[in-house]
Amino acid sequence: MTRRIAAYDTSHLGTDDRLALLVRDERVSRARHGQALMWLGQLVQQRGFDAKGARNADALSLVLNIDRAAASRRLSAAAQLGDRTTLLGDRMEPELPDTTAALRAGNIDPAHTKVIRKFMASLPNAVDSGTRADAERHLAAAAHTVRPGELAMLSERIAAHIIEEAGFETPADRVRKRGIFPGKVGPDGMLSGRFVLDPETVAYAEAIGAKFAQRGMNNPDDTAAPVVDGVEPDAATRTRDHRTRPQRLHDAFKMVLRQTLSSGTLGQHRGLPVKVIVTTTLSELRRCAGFATTASGTTVPIPDLIRMGAHADHYLAIFDDDDGRILHLGRTRRLASEDQRLVLLASDRGCTAPGCDRPAIESQVHHIEEWQDGGSTDIDLLTYVCDMHHPMIHDGPLGWSTSTAPPGHLYAGRTLWHPPAIVDPQRRGRINHYHHPADFLWDDDEPAA
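Per our numbering, the sequence shown starts with residue 2, numbered consecutively.
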């Protein structure tokens, strides 16, 4: 039948007939999808895959030549939209009867069924069967006239109403589920992840988005007349804005973070101002290429760093390329605790314990010559050590010690960690290269100390 239809010449059809043909074919395709799910459900109940000697998803993926994940999705859909039988073999209606009937009739799309299934799964277990059945029936009826995206919004409102009216989810439940879950920063410096916001945070985010994520507002690509303050963008400014909605939301979030950091009201963390503190080299700034390093260990491309400098009073430490000497340290006027920490951040960048990846903002200042032994709080006798490695420094048989690499050492001025004699009888100093990847460009081996 399919080959006969495909062989039919439709070049002579008019627009109305061709549109009618597309609509008819869509209904048939939807109905066939529903029928296929029924067959699949029957096959599973009859243990038809047992002869294949594999799990249902594995066997289906091999038979249909599809990915295992796709096979699992089809099996899950068949379990809810296929016919069921009791232990005695009596026929039962599908778990989602109205949705199944609409799909088999070709009145709704598989995308509609996905929305309804997701809605049913989102309801708390305490929701009674009658409420579930009523909601499923109404959503299946609505799917006849609205597109899947619109049905998704409707289902979310219905779910919120059910949960709120019956008190199935308390504020404590929302507090438990909330969170921002960042992934890893990619090689391109971009960070992805997901977030779960409580209603209060959603309200804040929507208010900010309504103002600062509107078209024409806070557009970094607008060099003609960018709008970044309270002024409403005019028609010409809006026309120049070609960003997508997600991109505008991203830029609004960045603007709020930037203004908050520039407010000067965030105080300090571990003795450092809560601002963006960045280190780089003079040659990288001159070339406008390469990467700078922040106090949290994140790398920032130099062009982005230069743009950041145009917006706020961040801290920037610039180093000479030959000997690592600090040439400039912005906003410092005197030798004080905060200034010393900034210098340490610029030179150490993080915990100096060998192999440690903790950034500066997760480390504390350590006296290389212990304070109780007469050590002074001079900048060349201080170093960064994280909370995990700091207790390892002591005079016991398993204790480590620290010293400063002397002049002539390959890493002069850097902190050396000396292991206990049980690890190395000569207690040779070790360097942490994690925060200084350029160390690996040296041709010589690291000298003993």
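For each residue, glycine too, the CB sits at the ideal point set by N, CA and C. Just so it is clear, the structure is predicted and the values come from calculations on it, not from any experiment.
Taking C-alpha atoms, which residue in L346, D99, I362 lies nearest to G35? Start at 1 with the first residue of the sequence shown, and residue 35 comes out as number 34. The candidate whose alpha carbon is nearest that of G35 is D99.
Comparing C-alpha positions only, which one of V176, D189, S193, R177 sits nearest to P183? If you number the sequence shown from 1, residue 183 lands on position 182. Sorting V176, D189, S193, R177 by C-alpha distance to the C-alpha of P183 places S193 at the top.
Among residues of its own chain, excluding the 5 on either side of P438, which ones have a beta-carbon nearer than 6 Å to its beta-carbon? Along the sequence shown, read from residue 1 onward, the residue named residue 438 stands at position 437. Scanning its chain for C-beta atoms nearer than 6 Å, with the 5 sequence neighbours on each side dropped, one finds no residue around P438.
May I have the straight-line CA-CA distance separating G1 from R259, to the nearest angstrom? Residue 1 is absent from the model: the chain starts at 2 and stops at 450.
H34, enclosing alpha helix (DSSP H) - first and last residue: Taking the first residue of the sequence shown as 1, we reach residue 34 at position 33. In this chain, the alpha helix (DSSP H) harbouring H34 covers 16-46.
Distance cut-off 7 Å: A60 Cβ against heavy atoms of the ligand GDP: No copy of the ligand GDP appears in this structure; indeed no ligand is present at all.
Could you check where the beta strand (DSSP E) with H251 kicks off and where it finishes? Position 250 of the sequence shown, counting from 1, holds the residue named residue 251. No beta strand (DSSP E) holds H251; the alpha helix (DSSP H) holding it covers 246-263.
Is DSSP giving D323 helix, strand or coil here? For this step, residue 323 is matched to residue 322 along the sequence shown. Low local confidence applies: a pLDDT of 46 at D323 is under 50, so the model's placement there is unreliable, with the coordinate-based value given in what follows. In the three-state reduction of the DSSP assignment, D323 falls in the coil class, being assigned neither a helical nor a strand state.
Look up Q427 in the DSSP assignment and say whether it is helix, strand or coil. The residue you call residue 427 lines up with position 426 of the sequence shown. Correct three-state label for Q427: coil.
Which first and last residues belong to the alpha helix (DSSP H) in which R239 is found? Residue 239 sits at position 238 when you count from the first residue of the sequence shown. Its alpha helix (DSSP H) spans residues 236-241.
Three-state secondary structure (DSSP) of V64: As a working mapping, residue 64 is identified with position 63 in the sequence shown. It is helical.
Close beta carbons around A153, own chain, < 7 Å, minus the five adjacent residues each side: Position 152 of the sequence shown, counted from the first residue, corresponds to residue 153. Apart from sequence neighbours up to five positions away, the residues of its chain that approach A153 with a beta-carbon distance below 7 Å are V116, ordered along the chain.
Which residue comes first and which comes last in the alpha helix (DSSP H) that contains F120? Position 119 of the sequence shown, counted from the start, is the residue given in the question as residue 120. In the DSSP assignment, F120 falls within the alpha helix (DSSP H) that extends over 111-123.
Specify whether the region 200-209 and the region 233-246 touch according to this definition: at least 3 beta carbon pairs, one from each stretch, less than 8 Å apart. No: fewer than three Cβ pairs fall under 8 Å.
Which stretch, first to last residue, makes up the beta strand (DSSP E) that contains A293? Taking the first residue of the sequence shown as position 1, residue 293 is located at position 292. Counting along the chain, the beta strand (DSSP E) containing A293 begins and ends at 292-295.
According to DSSP, simplified to helix, strand and coil, what is T146? Counted from its first residue, the sequence shown places residue 146 at position 145. Three-state result, T146: coil.
At what residues does the beta strand (DSSP E) containing I394 begin and finish? Against the sequence shown, residue 394 aligns to sequence position 393. Membership of I394 in any beta strand (DSSP E) is not indicated, and neither H nor E is assigned to it by DSSP.
Touching by the beta-carbon criterion (3+ pairs, under 8 Å), the region 97-111 and the region 127-143: The answer is yes - the region 127-143 touches the region 97-111, with three or more Cβ pairs under 8 Å.
Helix, strand or coil: which one does DSSP assign to F50? Your numbering for residue 50 matches position 49 in the sequence shown. Note: F50 maps to coil in three-state DSSP.
Beta-carbon separation (whole angstroms), A106 vs A32, contact threshold 8 Å: Within the sequence shown, residue 106 is the residue found at index 105, counting from 1. Within the sequence shown, residue 32 is the residue found at index 31, counting from 1. The C-beta distance from A106 to A32 rounds to 6 Å, short enough to meet the 8 Å contact threshold.
Classify V301 as helix, strand or coil using the three-state DSSP reduction. Locating residue 301 in the sequence shown gives position 300, counting from the first residue. For V301, the three-state secondary structure derived from DSSP is strand.
Quick one: using the 10 Å Cβ neighbour count with 16 as the cut-off for buried, is R415 buried or exposed? Within the sequence shown, numbered from 1, the residue matching residue 415 stands at position 414. By the neighbour-count rule (16 or more Cβ atoms within 10 Å), R415 is buried.
Once DSSP output is grouped into helix, strand and coil, what is the label at L89? For this step, residue 89 is matched to residue 88 along the sequence shown. Coil, per DSSP.
Bridge partners of M218, per DSSP? Here residue 218 refers to the residue found at position 217 when the sequence shown is read from its first residue. According to DSSP, M218 bridges with V228.
From L262, A60, L82, P420, residue whose alpha carbon lies closest to that of L38: What you label residue 38 is simply residue 37 of the sequence shown in a count that begins at 1. That would be L82, whose Cα lies nearest to the Cα of L38.
Among the candidates A143, E27, A160, whose CA atom is the shortest distance from the CA of R133? In the sequence shown, the residue the question calls residue 133 occupies position 132. Closest by alpha carbon: A160.
Nearest to R350 by CA position, among M389, V147, T300, is which residue? Against the sequence shown, residue 350 aligns to sequence position 349. Selected option, being the one with the closest Cα: T300.
Give me the DSSP bridge partner(s) of P360. Reading the sequence shown from its first residue, position 359 is the one you call residue 360. Listed as beta-bridge partners of P360 by DSSP are G351.
Could you give the DSSP three-state label for P188: helix, strand or coil? Against the sequence shown, residue 188 aligns to sequence position 187. Coil, per DSSP.
Among R216, L267, V228, whose alpha-carbon lies nearest the alpha-carbon of P247? To locate residue 247, count along the sequence shown from 1; it is residue 246. For P247, the closest C-alpha among the options R216, L267, V228 is that of R216.
How many angstroms separate the CA atom of P426 from the CA atom of V277? Within the sequence shown, the letter at position 425 stands for residue 426. Within the sequence shown, the letter at position 276 stands for residue 277. As the crow flies, the alpha-carbon of P426 is around 42 Å from that of V277.
Quick one, which of N108, A422, V279, K178 has its alpha-carbon nearest A144's? Walking along the sequence shown from the start, residue 144 turns up at place 143. The candidate whose alpha carbon is nearest that of A144 is N108.
Rounded to whole angstroms, what is the Cα-Cα separation between A72 and D59? Locating residue 72 in the sequence shown gives position 71, counting from the first residue. Locating residue 59 in the sequence shown gives position 58, counting from the first residue. When rounded, the separation of the alpha-carbon atoms in A72 and D59 is 8 Å.
Checking the sheet assignment: what are the DSSP bridge partners for Y385? Position 384 of the sequence shown holds residue 385. Y385 is bridged to V366.
Tell me which same chain residues have a C-beta within less than 6 Å of the C-beta of L189, skipping the five on either side of it? The sequence position of residue 189 within the sequence shown is 188, counting from 1. This sequence places Asp at residue 189; Leu is not what is there. So the list is empty, once near-sequence residues are dropped.
Which of helix, strand or coil does DSSP assign to G83? On the sequence shown, position 82 is the one that residue 83 refers to. Three-state result, G83: coil.
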